[in-house]
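Please read the structure below before turning to the comments.
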Amino acid sequence: MNPLRLVGTTHPGVGDIDVRMMERAIELARRAALEGEVPIAAVVYRGDEILGEAANNRESKADPTGHAEIVAMRIAGKKLGEWRLEGCSMAVTLEPCPMCAGALVNARLGKLIYGATDPKAGACETLYAIPGDARLNHRVQMHGGVLAPRCVELLRAFFQQRRAQQKAMKDERKRSA
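In our numbering, the protein residues as written are 1 to 177.
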């Protein structure tokens with residue numbers, strides 16, 4: 001079983017600013033894990049200006065759309081005063097799901113940088129290729145695998161800890177019964 005995989009290590013088209021924004025997303029994801037959220041985070045930026053950033057908040061907000069990408073785009077749209085994110089880029093720690101990939105296209109995002117691929121819900125290259133689909137009205141330039149080892153490790157550690165906690169709770173219930 002290989003739930004998360006790394007992709008290429010060289011990233012033509014990915015600059016220093018893109019890598020710095022991914023590092024910021026990784027930091028936000030780390031914080032989210034400490035709060036019990038799945039450690040996924042996104043940063044929307046234009047040049048070196050951050051327009052919106054967020055981590056998943058589905059648990060804390062009880063919001064099924066509380067994916068980092070959606071929340072970060074909402075913040076960026078409000079900051080810009082419009083829904084079009086043309087000329088903007090996003091760095092996100094995990095390949096976007098179908099909902100988020102569709103939102104990237106609809107927002108007219110210019111470039112997507114992501115870390116780990118997602119074999120269960122990846123909609124950029126793994127299961128689907130929504131942002132690059134020529135049948136849609138907009139295409140998003142994509143670069144996967146940026147700082148992927150760090151992104152993968154965050155997710156693996158989080159879920160490993162969560163499984164250990166669930167096992168401990170189950171064992172405690174058995175002892176109490």
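Glycine included, each C-beta is placed from N, C-alpha and C at the ideal position.
Which same chain residues end up closer than 6 Å to residue i when comparing Cβ atoms and leaving out the 5 residues on each side of it in sequence?
| i | result |
| --- | --- |
| C151 | T93, G115 and A116 |
| T9 | Summary for T9: the model assigns pLDDT 45, below 50, so the residue's position carries little reliability; its value from the coordinates is reported in the next sentence. If we look at T9 and ignore the five residues flanking it on each side, it has no Cβ neighbours. |
| V38 | N56 |
| R24 | V43 |
| L147 | M22 and G115 |
Identify, in the order they occur along the chain, each residue of the same chain with its Cβ nearer than 7 Å to the Cβ of residue i, setting aside the five sequence neighbours on each side.
| i | result |
| --- | --- |
| R162 | none |
| G87 | R46 and G110 |
| M73 | V44, G52, L85, A103 and A107 |
Using the three-state DSSP reduction, which class does residue i fall into: helix, strand or coil?
| i | result |
| --- | --- |
| R46 | strand |
| V92 | strand |
| A101 | helix |
| I75 | helix |
| A168 | helix |
| A121 | coil |
In or out: residue i buried (at least 16 other Cβ within 10 Å) or exposed?
| i | result |
| --- | --- |
| M21 | buried |
| D48 | exposed |
| E59 | exposed |
| N2 | Because N2 sits at a pLDDT of 44, beneath the cut-off of 50, its placement in the model cannot be relied upon, and the following sentence gives the value as read from the coordinates. It is exposed - the Cβ of N2 has fewer than 16 other Cβ atoms within 10 Å. |
| D18 | buried |
Work out the CA separation of residue j and residue i for me, nearest whole Å.
| i | j | result |
| --- | --- | --- |
| Q166 | N56 | 21 Å |
| Y128 | G102 | 11 Å |
| G13 | A33 | 30 Å |
| V7 | M142 | Residue confidence is low: V7 scores 43 on pLDDT, short of 50, so the model does not pin down where it sits. No coordinate-derived value is stated. |
| A29 | A41 | 5 Å |
| N106 | A54 | 19 Å |
| M169 | S176 | 10 Å |
| T65 | D16 | 30 Å |
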